[in-house]
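Counting from 1, one number per residue, gives the positions in the sequence shown under the UniProt record's numbering.
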Amino acid sequence: MTAPDSMPSPRVAAVGAGRMGRGIAIAFAYAGHRVSLVDLRERSDDAWQRLQAEARGEIEASLAGLAALGMFDADLVPTISARVELVRADAAAKALSAVELLFEGVPETLEAKREAFEVINAHCPEDAILTSTTSSILVTQIAEFVHRPERFLNIHWLNPAYVIPVVELSHHPRTDPAVLARAKALMEEIGKLPVVCGPTPGYIVPRLQALVMNEAARMIEEGAATAEEIDKATRYGLGLRFAALGVVEFIDFGGADILHHASREMSASVDAARYQAPPILDRMMAQGRLGLKSGSGFYDYAGRDVGAYRADVLLRTLGMLRHAGLWRAPVSTTVG
């Protein structure tokens, strides 16, 4: 589905016409917004025509892929695609001068970011919200390149940007809280689920998933399990549970003491550095804050209907089982 063209719309631009910029453009266009996809690199006429054809082709193919999977009527593909305007470098100044919300998505080097923000600073309105989409550079480093750093934050999209709902908003000490709140609201308006973190390496999702992926690779190297068995275990065990329960919620649900004891055993048998429990778990154990079973943990359960909460968690899990096609009805006749 898509929002009507008549809806109020901030003027949005994505600087950098690569994969990330195209994904962001699709996300906003799908939600009914007109988007400028701005290329800052000086190109020959032939090179610009090739880039236009490539970008337009990818946008239309991505939308057609969603339509083919039944996500919306294929007749809407041209309408949605037409909301994305491809802007050549020599027209960038005009496009940027009208921007309210900008996403920088140039290559992941400080020099490329610095050069991009020289252009952005020169042409964007003073009250524009400026963001980077970097996946590897700290927001505090890029903030140094921004004329008005109080109007700057990082918004990290997870690929495919037009599919995955979570976007990670990383702010720095000088980010205006009102700017952060406005950026969060704009993401919610296009159907995203913004999560907020400080200027921390790896944000939330990449920091967690890197640990899991590295450990899976180690298990294959050690001969502990095959890639196929690990993937089956993560899709229908680990992944299914964490789709029903958040990671921190999962700690509280099972008990911080369970994680504490498991960490102790794994640090002794596998690797002390990788599996040592963090100090916060030691403090929670000492305070008796074990999670749901004690009434408080990372969350406070005072006054909560624990029975209803457990039933809700079970319902979420059953929903994931049904989605995976793994729920089986009871056998009506006795076997044997």
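Each residue gets a CB set at the ideal place from its N, CA and C atoms; glycine is no exception.
Practice task
Below 7 angstroms CB to CB, which residues in the same chain sit around A227 once its five sequence neighbours on both sides are set aside?
Solution key: Within the sequence shown, numbered from 1, the residue matching residue 227 stands at position 227. Closer than 7 angstroms at the Cβ level, and outside the excluded window around A227, lie I220.
Handout entry: Inter-residue spacing [alpha-carbon to alpha-carbon] between S6 and E104
Key = Taking the first residue of the sequence shown as 1, we reach residue 6 at position 6. Taking the first residue of the sequence shown as 1, we reach residue 104 at position 104. Reliability fails at S6, whose pLDDT of 43 lies under 50, so the model's placement of it is uncertain and the value that follows must be treated cautiously. So the alpha carbons of these two residues sit roughly 26 angstroms apart.
Exercise for the section: Could you tell me if E118 is buried or exposed, where buried requires 16 or more neighbouring beta carbons within 10 angstroms of its beta carbon? Expected result: Walking along the sequence shown from the start, residue 118 turns up at place 118. E118 comes out exposed.
Problem - the ligand HEM heavy atom lying under 8 angstroms from the CB of H171 - result: No copy of the ligand HEM appears in this structure; indeed no ligand is present at all.
Problem - Extent of the continuous alpha helix (DSSP H) run through A225 - result: Here residue 225 corresponds to residue number 225 of the sequence shown, with the count starting at 1. Taken as a continuous stretch (DSSP letters only), A225 belongs to no alpha helix (DSSP H), as it is neither H nor E.
Problem - Cβ shell of P160 (< 8 angstroms), same chain only, five flanking positions each side left out - result: Stepping through the sequence shown from its first residue, residue 160 is reached at position 160. Hits under 8 angstroms: G23 and S62.
Handout entry: Beta-carbon gap between G291 and F298 smaller than 9 angstroms
Key = The residue you call residue 291 lines up with position 291 of the sequence shown. The residue you call residue 298 lines up with position 298 of the sequence shown. Yes, they are a contact pair.
Practice task
Give the range of the alpha helix (DSSP H) segment to which F242 is assigned.
Solution key: The sequence position of residue 242 within the sequence shown is 242, counting from 1. First-last of the alpha helix (DSSP H) with F242: G239 to A244.
Handout entry: Beta-carbon gap between V106 and A116 smaller than 9 angstroms
Key = Residue mapping note: residue 106 aligns to position 106 of the sequence shown, counting from 1. Residue mapping note: residue 116 aligns to position 116 of the sequence shown, counting from 1. Going by C-beta atoms, V106 is nearer than 9 angstroms to A116.
Problem - Nonlocal neighbours in the same chain, by C-beta distance under 7 angstroms from W157, ignoring five residues either side - result: For the purposes of this step, residue 157 is identified with residue 157 of the sequence shown, where counting begins at 1. M20, G23, I24, T133 and V167, listed in sequence order.
Practice task
Pick helix, strand or coil for residue 337, following the three-state DSSP scheme.
Solution key: Given that the chain is displayed from residue 1 to residue 336, the structure contains no residue 337 and the question cannot be resolved.
Practice task
With DSSP collapsed to three states, give me the class of M1.
Solution key: Looking up residue 1 in the sequence shown gives position 1. With a pLDDT of 38 at M1, under the threshold of 50, the modelled position of that residue is not reliable, and the figure given next carries that caveat. Coil, per DSSP.
Exercise for the section: Flag this pair as yes or no: are the beta carbons of A68 and L76 separated by less than 9 angstroms? Expected result: The sequence position of residue 68 within the sequence shown is 68, counting from 1. The sequence position of residue 76 within the sequence shown is 76, counting from 1. Cβ atoms of A68 and L76: not closer than 9 angstroms.
Exercise for the section: Return the CA-CA distance between R83 and R283, expressed in angstroms with no decimal places. Expected result: As a position in the sequence shown, residue 83 is number 83, starting the count at 1. As a position in the sequence shown, residue 283 is number 283, starting the count at 1. Roughly 53 angstroms separates the two Cα atoms.
Practice task
Quick one: give me the first and last residue of the alpha helix (DSSP H) that E115 is part of.
Solution key: As a first step, residue 115 is located in the sequence shown; it is residue number 115 there, counting from the start. Looking at the DSSP string, the run of the alpha helix (DSSP H) that includes E115 is L110 to H123.
Practice task
Using the Cα positions of E108 and Q141, report the straight-line distance between them to the nearest angstrom.
Solution key: As a first step, residue 108 is located in the sequence shown; it is residue number 108 there, counting from the start. As a first step, residue 141 is located in the sequence shown; it is residue number 141 there, counting from the start. Whole-angstrom Cα-Cα distance: 12 angstroms.
Exercise for the section: Select from I59, S135, V99 and D73 the residue whose C-alpha is nearest the C-alpha of G202. Expected result: Here the question's residue 202 lines up with position 202 in the sequence shown. Closest option to G202, Cα to Cα, is S135.
Problem - Supposed close pair L96, I59 - CB separation, criterion 8 angstroms - result: Your numbering for residue 96 matches position 96 in the sequence shown. Your numbering for residue 59 matches position 59 in the sequence shown. About 21 angstroms; that fails the 8 angstroms criterion.
Handout entry: Anticipated Cβ contact below 8 angstroms, A101 with V12, distance rounded
Key = Stepping through the sequence shown from its first residue, residue 101 is reached at position 101. Stepping through the sequence shown from its first residue, residue 12 is reached at position 12. It should be pointed out that residue 101 corresponds to Leu in this sequence rather than to Ala. 5 angstroms between Cβ atoms; contact.
Practice task
Determine the DSSP secondary structure at E189, reduced to helix, strand or coil.
Solution key: One-based indexing of the sequence shown puts residue 189 at position 189. In this structure, E189 counts as helix in the three-state DSSP scheme.
Practice task
Let me know the secondary structure DSSP gives E85 once reduced to three states.
Solution key: Position 85 of the sequence shown, counted from the start, is the residue given in the question as residue 85. Of the three classes helix, strand and coil, the one that applies to E85 here is strand, per DSSP.
Problem - Proximal residues to D145 (C-beta, below 7 angstroms), its chain only, five neighbours per side dropped - result: Position 145 of the sequence shown holds residue 145. Correcting the residue type first, residue 145 is Phe in the shown sequence and not Asp. Contacts found: K113, R114 and F117.
Exercise for the section: For V179, name the three-state secondary structure that DSSP assigns. Expected result: Sequence index remark: in the sequence shown, residue 179 carries index 179 (1-based). The answer is helix: DSSP assigns V179 an H, G or I state.
Exercise for the section: Might you give, ordered along the chain, the residues of its own chain that have their beta carbon closer than 8 angstroms to the beta carbon of L318, omitting 5 neighbours on each side? Expected result: On the sequence shown, position 318 is the one that residue 318 refers to. Taken in chain order, the residues that qualify are W327.
Problem - Proximity below 9 angstroms, CB of L240 to CB of L321 - result: Residue mapping note: residue 240 aligns to position 240 of the sequence shown, counting from 1. Residue mapping note: residue 321 aligns to position 321 of the sequence shown, counting from 1. In contact: L240 and L321 (Cβ atoms closer than 9 angstroms).
Problem - According to DSSP, residues forming a beta bridge with I155 - result: Looking up residue 155 in the sequence shown gives position 155. L169.
Problem - Per-residue DSSP class, three states only, for L292 - result: Against the sequence shown, residue 292 aligns to sequence position 292. Note: L292 maps to coil in three-state DSSP.
Practice task
Return the first residue and the last residue of the beta strand (DSSP E) that L101 is part of.
Solution key: On the sequence shown, residue 101 is found 101 positions in, with the first residue counted as 1. Run containing L101: L101 to E104, per the beta strand (DSSP E) assignment.
Handout entry: Residue burial classification, L211 (beta-carbon count within 10 angstroms, cutoff 16)
Key = By 1-based counting over the sequence shown, the position of residue 211 is 211. Exposed: under 16 other Cβ atoms inside 10 Å.
Problem - S269 - containing alpha helix (DSSP H), residue span - result: On the sequence shown, residue 269 is found 269 positions in, with the first residue counted as 1. Taken as a continuous stretch (DSSP letters only), the alpha helix (DSSP H) holding S269 covers A256 to S269.
Problem - R218 beta carbon less than 9 angstroms from that of residue 337 - result: Any property of residue 337 remains undetermined from this structure, which presents the chain solely from 1 to 336.
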